[in-house]
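So the structure is just underneath, and the comments pick up after that.
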Amino acid sequence: MAEEISAEAREGSFDSNPRLQNWGVCDKCGCRVKRYIEYLKAGEFEVGKVESILVTYPGYYYLYAEEAETMTTIVITAKCQRCGFEKKMTDPALTVEYLQSFAKRKETLRLCV
Ligand SMILES: [Zn+2]
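Counting from 2, one number per residue, gives the positions in the sequence shown under the working numbering.
Rendered as structure tokens:
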């Protein structure tokens, strides 16, 4: 799974995603580490455990419907070049499902052009 994502990142599938252009910032000295997208391209991340979340949305027959969706967190281990401080970063945009749907959306757009 991690390899698929970094391959997809190297192909440029996520380059247009603004949330992945965010910089990781060192907690200790405050200097910029690297952009999320660079970690994805370099394969410097771990795929975390799969979590099940309940999503509530307005239903047709009932007022609300609930559906279980899975969410797989991606964890980036960032190491500061300046002070050597290491931290783990996660972000709502850093989930396998989010990245896969983003890559898919791009393919659909390409078909329409
Ligand atoms: Zn630092």
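Beta carbons: idealized from backbone N, C-alpha and C, even for Gly.
On a predicted model such as this, the values are computed, not experimentally measured, just so you know.
Margin query: Give me, in chain order, the residues of the same chain whose beta-carbon lies closer than 6 Å to that of T71; leave out the 5 immediate sequence neighbours on both sides.
Written below: Contacts found: V51 and S53.
Check: Counting along the chain, where does the alpha helix (DSSP H) carrying K42 start and finish?
Finding: Y37 to A43
Notebook entry, point to check: Closer than 8 Å: is that where the CB of P13 sits relative to any heavy atom of ligand 1?
Noted result: Strictly speaking, residue 13 in this sequence is Gly, with Pro absent from that position. G13: no, Cβ never under 8 Å from ligand 1.
Item checked: Where the beta strand (DSSP E) containing S7 begins and where it ends -> Premise fails: S7 lies in the alpha helix (DSSP H), A3 to R11, not in any beta strand (DSSP E).
Next item on the list: With DSSP as the reference, label L21 as helix, strand or coil.
Entry: When secondary structure is reduced to three states using DSSP, L21 falls in the helix class.
Next item on the list: Please confirm whether any heavy atom of ligand 1 lies closer than 8 Å to the CB of R83.
Entry: yes
Note to self: Taking the beta strand (DSSP E) that P59 belongs to, which residues open and close that run?
What the structure shows: E47 to P59
Note to self: Helix, strand or coil, according to DSSP, for K29 in the structure here?
What the structure shows: coil
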